[in-house]
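Residue numbers (this note's numbering): 48 to 368. Ideal placement from N, C-alpha and C gives every residue a C-beta, glycine not left out.
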Amino acid sequence: MGNLESVGSPALWGGFIAFVIAMLALDLGVFHRKAHVVKFKEALGWSAVWISLALLFNTAVWWKFGAEPGMQFLTGYLIEKSLSVDNIFVFVVIFSALRIPALYQHRVLFWGILSALVLRAIMIFAGVAMLERFHWLIYVFGAFLILTGVKLFLQRNKEEHPEDGWLMRFARRTIPSTSTFDGHHFFTKENARWLATPLFMALLLVEASDVIFALDSIPAIFAVTRDPFIVFTSNIFAILGLRSMFFLLAGAVEKFSYLKVGLSAVLVFVGAKMAAVDFVKIPPALSLGIIATLLGGSIVASLIKNRNAPAAKELPKASEA
Numbered sequence: 048m049g050n051l052e053s054v055g056s057p058a059l060w061g062g063f064i065a066f067v068i069a070m071l072a073l074d075l076g077v078f079h080r081k082a083h084v085v086k087f088k089e090a091l092g093w094s095a096v097w098i099s100l101a102l103l104f105n106t107a108v109w110w111k112f113g114a115e116p117g118m119q120f121l122t123g124y125l126i127e128k129s130l131s132v133d134n135i136f137v138f139v140v141i142f143s144a145l146r147i148p149a150l151y152q153h154r155v156l157f158w159g160i161l162s163a164l165v166l167r168a169i170m171i172f173a174g175v176a177m178l179e180r181f182h183w184l185i186y187v188f189g190a191f192l193i194l195t196g197v198k199l200f201l202q203r204n205k206e207e208h209p210e211d212g213w214l215m216r217f218a219r220r221t222i223p224s225t226s227t228f229d230g231h232h233f234f235t236k237e238n239a240r241w242l243a244t245p246l247f248m249a250l251l252l253v254e255a256s257d258v259i260f261a262l263d264s265i266p267a268i269f270a271v272t273r274d275p276f277i278v279f280t281s282n283i284f285a286i287l288g289l290r291s292m293f294f295l296l297a298g299a300v301e302k303f304s305y306l307k308v309g310l311s312a313v314l315v316f317v318g319a320k321m322a323a324v325d326f327v328k329i330p331p332a333l334s335l336g337i338i339a340t341l342l343g344g345s346i347v348a349s350l351i352k353n354r355n356a357p358a359a360k361e362l363p364k365a366s367e368a
């Protein structure tokens, strides 16, 4: 780790990585050994498991290292968890556009998120090292988050079409592929040629979208802490619970019409906090409260809008009568 200050000892790093590997092996090797459609009840159960494990880990951090690291982990986890909801919007579009059967969606997400764990680890350590060496980058990251938040707000109603993007066009030109599925396989053999199936193309888009979202989420948590262990563990817990959250919210994610407004406000807040870090000190508890209020407010506003929507539609009929 060089001169980087961290609460994580080599034993804690090794233990956490071993835990992640064990949970992934348990997930794919036992609970999802056979491809099946993940129903709401199963997704709810797994979501509860991942959130409970994250909170238990948070309690352990709080007990062993004190209130500040504990608050930093919880704030970072909340940021990463909320921003990952935006991934779900894109995943829904990818699976719909490529007509990926529900039977194989978990497999695509599993391998996509496994790759994301490695990529995010590299990005986190590179980011922490760069901030330690070049402090002025904190202002660049802060400005980037503010601009991203503003862009997210302005484009909140824009439809996503990742299947028509440059990456998919490039992949289709360079990777021999077929539109035919071959069970849960990413590649199939036709006329003595290996071809990528739509599952591989979906995996490619899932991984690309996570890299893009990581460019927002990782700088966002740097506004909370630069401890590599806290940044890494909060990120990983949020990613590990992303698959179950997808199957839990995929059918209802569009109903949270104000969620992107809340997410954009969070990005602007953490960006401003990061840019002003040398001039204004915001206590961790206050940061957590502001972020929770922004996200909670957007969710409540969405639910109120949905509840009032049927009544609003009936008003013209009443006036006509």
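- F234: not part of any alpha helix (DSSP H); member of the beta strand (DSSP E) spanning 234-237, first to last residue.
- Taking C-alpha positions only, K198 is separated from L310 by approximately 11 Å.
- The C-alpha of M248 is placed about 40 Å away from the C-alpha of P116.
- Counting other Cβ atoms within 10 Å of its Cβ, D274 reaches 16 or more and is therefore classed as buried.
- For T106, the number of other beta carbons within 10 angstroms of its own is below 16, and it is reported as exposed.
- Taken through DSSP and simplified to helix, strand or coil, S226 comes out as coil.
- Three or more Cβ pairs closer than 8 Å define a contact, and the segment 174-188 meets that threshold against the segment 254-269.
- Taking a C-beta distance under 9 Å as the contact criterion, A243 and T225 qualify as a contact pair.
- Counting C-beta pairs with one atom in each stretch, the segment 250-260 and the segment 87-102 have fewer than three that are closer than 8 Å, which means they do not touch.
- About 17 Å separates the CB atoms of L145 and P223; that is not less than 8 Å, and the two are not in contact.
- Below 8 Å, enough C-beta pairs join the segment 125-134 and the segment 310-329 to call them touching: three or more.
- Between S345 and F303, the C-beta gap is smaller than 9 Å, which places the two residues in contact.
- Taking every protein chain shown into account, the CB of I169 has fewer than 16 other CB atoms within 10 angstroms, so this residue is exposed.
- Proximity to W158 across P330, L289, T340, K352 peaks at L289, based on C-alpha coordinates.
- Using a 10 angstroms sphere on the CB of I351, the tally of other CB atoms stays under 16, which defines it as exposed.
- Linking H153 to V308 through their CA atoms gives a straight-line distance of about 29 Å.
- Looking at the DSSP output, W158 bridges to nothing.
- Between the C-alpha atoms of T195 and Q202 there is a straight-line separation of about 10 Å.
- Taking F217 as reference, the option from F104, L252, S264 with the minimal CA-CA separation is L252.
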